[in-house]
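Colleague:
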Amino acid sequence: LDGMDVPTAKEAAIEWLVEQGIGERKVNYRLRDWLLSRQRFWGCPIPVVYCDDDGIVPVPEDQLPVVAPDDVEFTPTGQSPLQHHEGFLHTTCPKCGGPARRETDTMDTFVDSSWYFLRFCDPWAENEPFSAEAVARWMPVDQYIGGAEHAVLHLMYARFFTKALADLGVAPKELREPFQRLFTQGMIRLEGAKMSKSKGNLVAPEEIIDTLGADALRLAHLAVKPPEDDVDWEDFGLEGCARFLHRVWRLAVPGSDLATGARSGEPTDADQEVVRATHRLIDDITTHFDRWSYNVAVAKYMAFVNDLYRYAQSDAGPHGPTLDQAVDTLLQLLAPACPHITAELWDRRHSTGGEVAHVHETEWPVADP
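Offset between the sequence shown (1-based) and our numbering: plus 13.
1) Starting from Ala-113 and walking both ways along the beta strand (DSSP E), at which residues does that stretch end?
2) Please look up how many angstroms separate the CB atoms of Asp-214 and Leu-203, rounded, as I've assumed it's under 8 Å.
3) What would DSSP say about Lys-210, mapped onto helix, strand or coil?
4) Can you round the beta-carbon distance between Tyr-314 and Leu-271 to whole angstroms, since I take them to be within the 8 Å contact cut?
5) Candidates Gly-159, Pro-280, Ala-149 and Arg-172: which alpha carbon is nearest Pro-240's?
6) Just the C-alpha distance for Pro-334 and Phe-302, rounded to the nearest angstrom, thanks.
7) Would you kindly work out how many angstroms separate the C-alpha atoms of His-98 and Met-120, rounded to a whole number?
8) Please confirm if the region 139-153 is in contact with the region 107-123, defined as three or more CB-CB distances below 8 Å between the two stretches.
9) Is Pro-267 near the ligand FMN, with its Cβ less than 7 Å from a heavy atom?
10) Run through the DSSP bridge pairs and tell me what His-332 is partnered with.
11) May I ask you to report which of helix, strand or coil DSSP gives Cys-134?
12) Tell me whether Phe-87 is buried or exposed, calling it buried when 16 or more other Cβ atoms sit within 10 Å of its Cβ.
13) Please list, in chain order, all residues of the same chain as Pro-185 whose beta carbon is under 7 Å from its beta carbon, the five residues on each side excluded.
14) In angstroms with no decimal places, state the Cα-to-Cα distance between Glu-37 and Val-80.
15) Given this structure, state the Cα-to-Cα distance separating Tyr-324 from Thr-224, to the nearest angstrom.
16) Applying the 10 Å Cβ sphere with the 16-neighbour rule, what's the burial state of Gln-345?
17) At the level of alpha carbons, what is the spacing between Leu-195 and Gln-156?
18) Would DSSP call Pro-71 helix, strand or coil?
19) Can you tell me whether DSSP reads Arg-51 as helix, strand or coil?
20) Out of Leu-44, Val-40 and Ile-59, which has the shortest C-alpha to C-alpha gap to Ser-50?
21) For Leu-166 and Asp-243, I'd like the C-alpha separation in whole angstroms.
22) Can you say whether Gly-205 is buried or exposed, counting buried as having 16 or more other CB atoms within 10 angstroms of its CB?
23) Whole angstroms are fine: how far does the CA of Val-124 sit from the CA of Glu-376?
24) Determine the closest residue to Glu-252 out of His-234, Arg-263, Ala-265 and Ser-269, with distance taken between C-alpha atoms.
25) Val-62 lies in the beta strand (DSSP E); which residues open and close that run?
26) Checking 8 Å against the spacing of the C-beta atoms, do Val-266 and Arg-132 come in under that value?
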């Protein structure tokens, strides 16, 4: 094996062991049994009762689902609060009618999340989880987006559930894979540690929303880095995004001083350059959205707004129709990232005679090459 790289050495060693008759080639999967039950409140109750006479008895189908109570008391004992909820714990045996105790363990929440996408296909079905016809119409999912910590287990469980339900005839037998594409997003860290409920190092959004607005928070998420990268909370430019949206407001709100003295008549070469920049922006934002390059798209928004400010404040003044078209296009392109401010501005610019216009109902702009 001297001089070989590791993969080549492994292959050579396996071949030699097989030739000598002292080994065999085998693929081992690093899978372990799934610990399905958890000593937690969160998760689906396991539909089993314990009877002193009949032992372990499953809950009959006509008594399903077993619903967890909504008035449990959480105490720092490390035990599930279901163990101390008298109304949930004590029941009758479905077999003999005598006193029985409910199972207080719950199923791993992966049990819910491993097939929820099938329920989404037929969410109002009352007598079955979903109809096979609805699943055949909607599945597989075009794009799966998940965190890195779920990229193995949740993906594996979801694929297992899909294949098992198809084999059982509950889902269409042709459905072998639930997702066509996978995108794994990065994680947000706070002071170097992953944000999580268990660590208690979360940033509550309410204060940010109350002071800077939901759109500034959304835009900061998009702007900070490519979505597949991990990012530190300290790197979020919340104030900068808020200032940018204030500039968009001043540019787009009717009666703005920036549009005062706008020209009419034939457009000049400077006006035509703004038209060209507007169509370049359409092409850029569409391309970067398709590539998931949201941080680059935000930079394009900001550069375009800077250009419009220079144009509006130029000595010649802006051409009214050119500026209006540029601002309307900006609002349409910005709407997925900042849905609230763009909806408000579009409404103010285009609502007439009681008719409420909505930016989110407009067609996506198309660039003219």
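For each residue, glycine too, the CB sits at the ideal point set by N, CA and C. Predicted model only: the values in this text are computed from it and were never measured.
Modeller: Per the coordinate set shown:
1) For Ala-113, the enclosing beta strand (DSSP E) covers residues 112-115.
2) Rather than Asp, the amino acid found at residue 214 in this sequence is Asn. With a Cβ gap of about 5 Å, Asn-214 and Leu-203 count as contacting.
3) It is coil, neither helix nor strand.
4) Going by Cβ atoms, the distance from Tyr-314 to Leu-271 rounds to 17 Å, so no, they are not a contact pair.
5) Checked all of Gly-159, Pro-280, Ala-149 and Arg-172; the closest Cα to Pro-240 is Gly-159.
6) So the two alpha carbons sit approximately 27 Å from each other.
7) Near 18 Å, if we compare the C-alpha coordinates of Met-120 and His-98.
8) Short answer: they don't touch.
9) No copy of the ligand FMN appears in this structure; indeed no ligand is present at all.
10) Per DSSP, Arg-276.
11) Cys-134 sits in coil when the DSSP states are folded into three classes, being neither helix nor strand.
12) That one is exposed.
13) Result list for Pro-185: Ala-145, Val-148, Ala-149 and Ala-179, in chain order.
14) C-alpha separation (whole angstroms): 51 Å.
15) Computed Cα separation, rounded: 31 Å.
16) Around the C-beta of Gln-345, 16 or more other C-beta atoms lie within 10 Å, and the residue is accordingly described as buried.
17) Using only the alpha carbons, I get a separation of about 6 Å.
18) Pro-71: strand per DSSP, three-state reduction.
19) Three-state result, Arg-51: strand.
20) Comparing alpha carbon positions, the residue from Leu-44, Val-40 and Ile-59 closest to Ser-50 is Ile-59.
21) Rounded to the nearest angstrom, the two C-alpha atoms are 20 Å apart.
22) Note on Gly-205: under 16 other CB atoms within 10 angstroms of its CB, so exposed under the neighbour-count rule.
23) Approximately 39 Å, taken between the alpha carbons.
24) Checking every option, the nearest Cα to that of Glu-252 belongs to His-234.
25) Segment 61-64, the beta strand (DSSP E) holding Val-62.
26) The answer is no: Cβ separation not under 8 Å.
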